[in-house]
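Single-structure report; data block below.
Residue numbers (this note's numbering): 9 to 204.
See below:
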């Protein structure tokens with residue numbers, strides 16, 4: 009007759025079985041180079057599509073508010089861009105925290121807000137920098153071309169938002185909404201009693 013495992017070994021087996029049961033099984037592999045890429049980066053594509061949806065909504069808020077402030081309220085373009093980006097960043101934070109990366113580990117909300125708005129500040133700097141270079145740098149040379157609402161929108165929303173979005177996706181994924189770590193497995197106890 010086989011001896012029953014000791015209590016510590018039974019616990020280790022139970023933990024190992026639980027970890028194996030909770031591990032996600034990789035999907036069936038697809039054929040060809042495109043299938044291999046989808047197998048490897050499918051989760052990233054899924055996150056990017058959610059990020060793009062949230063970003064699209066935030067973009068619409070940013071675009072509408074910027075044009076309203078600059079055209080209707082006659083706020084200077086750089087100030088209008090700053091205000092619009094702060095409001096759009098709030099929309100983006102809520103969407104990313106509660107939808108895009110809701111499966112990720114949650115840290116203290118103050119930490120997430122601080123890092124999110126810090127990286128948004130860098131993204132804002134990228135967008136405002138592109139607008140300032142277009143309006144005041146290139147606009148000093150060709151004011152009829154670069155000091156127009158069309159040029160402001162292209163510099164701000166096409167170039168600035170494009171570069172800022174790449175930076176934001178990388179920084180949010182890497183620093184703000186971090187991947188949950190693998191739980192530690194307790195080491196089995198090796199204390200042997202005489203006669204056991």
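The C-beta atom is built at its ideal place from N, Cα and C for all residues, glycine as well.
* Start-end ranges of the alpha helix (DSSP H) lying completely within the region 70-133, minimum 4 residues -> Fully enclosed alpha helix (DSSP H) runs of 4 or longer: 85-103.
* Counting Cβ pairs, one atom from each stretch, are 3 or more of them under 8 Å apart for the region 93-102 and the region 55-74? -> Taking 8 Å as the limit for Cβ pairs, the verdict is that the region 55-74 does touch the region 93-102.
* Sequence-distant residues of its chain with Cβ nearer than 8 Å to residue 140 (five each side left out) -> Its chain contains 86 as the residues whose beta carbon lies nearer than 8 Å to that of residue 140, once the 5 sequence neighbours on both sides are disregarded; these appear in chain order.
* Can you tell me where the alpha helix (DSSP H) with residue 163 in it begins and where it stops? -> From DSSP, residue 163 is part of no alpha helix (DSSP H); its letter is neither H nor E.
* Asked: So, using beta-carbon positions, are residue 62 and residue 103 closer together than 7 Å?
  -> For residue 62 and residue 103, yes; Cβs fall inside 7 Å.
* **For residue 150, the three-state DSSP class (helix, strand or coil)** => DSSP, read as helix, strand or coil, puts residue 150 in coil.
* To do: State the CB to CB distance for the pair residue 109 and residue 185, rounded to an integer number of angstroms; the pair is presumed to be in contact (CB under 8 Å).
  => Sure, about 4 Å apart at Cβ, within 8 Å.
* To do: Helix, strand or coil for residue 269, going by three-state DSSP, please let me know.
  => Since the displayed the chain opens at 9 and closes at 204, residue 269 lies outside it and no answer follows.
* Go to residue 172, then tell me how far its alpha helix (DSSP H) extends in each direction, as first and last residue. => For residue 172, the enclosing alpha helix (DSSP H) begins and ends at 169-179.
* Asked: Per DSSP, what kind of secondary structure is residue 143 in: helix, strand or coil?
  -> Of the three classes helix, strand and coil, the one that applies to residue 143 here is helix, per DSSP.
* Asked: Which term fits residue 177, buried or exposed, when burial requires 16 or more other beta carbons within 10 angstroms of its beta carbon?
  -> When all chains shown are included, residue 177 counts as buried.
* **Rounded straight-line distance, which links the Cα of residue 142 to that of residue 58** => Straight-line measurement puts the Cα of residue 142 at about 31 Å from the Cα of residue 58.
* Neighbourhood of residue 207 by C-beta, 8 Å cutoff - its chain only, sequence neighbours within 5 removed -> Residue 207 lies beyond the residue range present for the chain, which begins at 9 and ends at 204; the question has no answer from this structure.
* Around the C-beta of residue 180, are 16 or more other C-beta atoms found within 10 angstroms, so that it is buried, or is it exposed? -> Counting Cβ neighbours within 10 Å, residue 180 comes out buried, since at least 16 surround it.
* Can you tell me the Cα-Cα spacing of residue 124 and residue 148, whole angstroms? -> Spanning the two alpha carbons is a distance of roughly 34 Å.
* From residue 172 to residue 89, what does the alpha carbon distance come to, in whole angstroms? -> Their backbone Cα atoms lie some 13 Å apart in a straight line.
* Asked: Using CA coordinates, which residue listed in 135, 154 and 150 is at the minimum distance from residue 170?
  -> Closest option to residue 170, Cα to Cα, is 135.
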